[in-house]
């Protein structure tokens with residue numbers, strides 16, 4: 001395996017929890033009484049040219065012709081603009097319609113959205129002209145429209161790109177159309193300022209613009225706009241939750257997949273790195289706006305604002321490259337200020353205010369392993385526990401996670417933080433949804449994933465190369481791991497087609513109940529194999545719910 005592929009996996013592991021959180025506080029908005037429904041899209045929305053078979057030549061979208069290229073048993077159409085470049089006066093505004101073009105647009109990857117250097121963008125990016133998506137469709141013709149999977153990438157809301165997820169195998173094996181998207185990140189996607197409409201939600205608005213593009217254009221690629229699954233991992237999974245609870249996403253999808261990112265996700269003090277403060281991906285819009293105001297005031301002398309300019313006018317005139325260094329200042333979704341996010345996704349899910357669609361929801365067995373290097377050699381495990389939950393509750397945690405049960409203090413601490421931050425927040429979301437819609441819970445449990453780090457098991461993001469070629473690279477899967485990869489793709493794509501992941505030649509996957517969350521453990525046959533698991537018990541979620549940490 002190349003060092004670059006390993007580095008890309010490391011980038012996927014970047015947690016939303018390492019974000020630099022803005023100061024300030026605000027009152028939580030209450031969920032609206034109105035229930036968003038998963039209505040089917042209006043037929044008028046699907047106005048692109050339709051076809052009963054996948055085209056290998058140019059495809060006509062609603063804005064112009066695009067060329068494809070053969071990749072394996074699929075055809076890939078890269079770099080299709082779904083919205084106008086959000087530059088100049090369009091910075092920090094809702095996405096606008098893309099302009100039409102003449103001729104045939106070649107298949108070439110679009111710009112990565114602005115972000116600091118990382119393995120997915122080694123030189124970083126300051127290209128605000130980045131609202132592109134990529135379509136992958138099986139090369140084999142189909143007499144019926146195919147289900148569509150829209151993939152929202154993760155990366156902590158400050159990094160990532162749709163082009164990192166090469167979906168040729170996923171599309172061909174699963175007989176689905178796959179759309180991977182870019183959306184504005186960090187200061188460009190989640191900035192807020194007093195009086196700025198859409199504060200804290202521009203990235204979410206981009207995602208919805210991409211979903212609306214799918215409604216208009218899926219048919220041109222052999223896809224069915226009435227059978228769309230929105231899916232994502234980490235910050236992408238949290239984005240899926242935000243769309244599940246967004247009234248303005250009504251009718252844009254009929255199924256959802258959340259991988260390692262849930263509505264109830266939040267992090268505790270010192271839980272992912274020393275000095276971390278407890279927080280959530282969702283915060284009141286007043287806090288995002290106050291953060292933006294404080295940030296702008298601190299930068300005023302550097303910005304070179306002209307006399308008579310408002311602060312927003314000045315900020316929109318600043319070159320993108322001058323803002324990239326402050327990406328991490330704005331990585332939380334602001335709720336309560338717009339129809340896109342009128343209330344906290346966590347509170348909305350708990351109150352039942354979400355689109356009624358079937359879900360796949362899950363985590364990896366050892367999510368927190370990827371964060372353990374931040375703690376170095378752990379010499380005082382009890383102190384770490386006390387720093388996270390407080391001295392009063394620490395004794396209870398140590399009783400449930402005694403050091404004697406684990407191979408090392410690091411393994412014990414990873415179990416504590418995996419359960420508290422990842423597994424049990426996902427279980428909570430599953431419990432809230434399962435009484436209303438089918439929820440298929442899972443846990444990826446390959447202890448020897450080929451992209452694991454030293455001493456790590458099924459850590460955060462290690463399931464991704466079982467579904468996609470990351471950055472176009474193949475990982476060296478063993479025979480049993482390849483079988484697991486095929487089965488996972490079969491589960492995911494059967495769910496996308498039918499709303500039920502079950503099919504021939506793989507173990508049955510039952511939807512979970514609303515009380516004790518039972519799911520499917522996904523591991524190669526030379527380990528534990530695929531089989532049922534009680535996720536609530538496996539991760540001591542009743543204990544954590546009672547502890548109230």
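Residue numbers (UniProt numbering): 1 to 549. Glycine residues also receive a C-beta, built at the ideal position from the N, C-alpha and C atoms. Here the structure is a predicted model, which means the values were calculated and not measured.
Rounded to whole angstroms, the gap between the alpha carbons of residue 143 and residue 497 is 15 Å. Going by DSSP, residue 151 is part of the beta strand (DSSP E) stretching over 146-152. In this structure, the CA atom of residue 513 is about 13 Å from the CA atom of residue 360. A straight-line Cα-Cα distance of about 31 Å links residue 516 and residue 468. With contacts defined as CB atoms closer than 8 Å, residue 433 and residue 349 qualify as a contacting pair. C-alpha of residue 271 to C-alpha of residue 385: approximately 9 Å in a straight line. By a beta-carbon distance limit of 8 Å, residue 318 does not contact residue 126. Their separation comes to about 11 Å. The continuous beta strand (DSSP E) containing residue 518 extends over residues 518-522. By the neighbour-count criterion, in which a residue is buried when 16 or more other Cβ atoms sit within 10 angstroms of its Cβ, residue 101 is exposed. The C-beta of residue 122 has fewer than 16 other C-beta atoms within 10 Å across all chains shown, which makes the residue exposed. In this structure, DSSP gives residue 191 a state outside helix and strand, which the three-state scheme calls coil.
Within the segment 340-389, the complete beta strand (DSSP E) segments of 3 residues or longer fall at 359-364, listed in chain order. Distances from the alpha-carbon of residue 157 to those of 242, 65 and 431 put 242 closest. In this model, residue 326 and residue 73 are separated by some 42 Å (Cα to Cα). Within the segment 271-350, the runs of alpha helix (DSSP H) at least 4 residues long that lie entirely inside it are, in chain order, 285-303, 311-317 and 345-350. In the same chain as residue 109, and ignoring 5 residues on each side of it, the C-beta atoms closer than 6 Å to its own belong to 78, 79 and 163, in chain order.
In terms of Cα proximity to residue 522, the closest of 547, 537, 546 and 482 is 482.
In this structure, the alpha-carbon of residue 299 lies about 33 Å from that of residue 240.
Runs of the alpha helix (DSSP H) lying entirely within the segment 69-141, each at least 4 residues long, are absent.
Boundaries around residue 169 are those of the alpha helix (DSSP H), 168-174, since no beta strand (DSSP E) includes it.
Note on residue 289: 16 or more other CB atoms within 10 angstroms of its CB, so buried under the neighbour-count rule.
The beta-carbon separation of residue 334 and residue 199, rounded to 5 Å, stays under the 8 Å limit for a contact. Exclusion of the five residues before and after residue 403 leaves 381, 409 and 412 as the residues of its chain whose Cβ lies within less than 8 Å of its Cβ. Taking 8 Å as the cut-off, the Cβ atoms of residue 215 and residue 252 count as close.
Bounds of the alpha helix (DSSP H) holding residue 489 are 479-498.
In this model, residue 62 and residue 183 are separated by some 20 Å (Cα to Cα). In the structure shown, residue 61 adopts coil according to DSSP, grouped into three states. Collapsing the DSSP output to three states places residue 267 in a strand. Cβ-Cβ distances below 7 Å link residue 436 to 352 and 356 in the same chain, with the five nearest sequence neighbours on each side left out; the list follows chain order. Residue environment: residue 478 is assigned as exposed (fewer than 16 neighbouring CB atoms within 10 Å of its CB, all protein chains considered). Within the DSSP bridge table, the entry for residue 444 names 364 and 522 as partners. Per the DSSP secondary-structure output, residue 223 pairs in a beta bridge with 146.
For residue 473, the secondary structure class from DSSP, reduced to helix, strand or coil, is strand. With contacts defined as CB atoms closer than 8 Å, residue 342 and residue 236 fail to qualify as a contacting pair. For the pair residue 295 and residue 367, the CB atoms are not nearer than the 8 Å cut-off.
One alpha carbon belongs to residue 475, the other to residue 488, and they sit about 16 Å apart.
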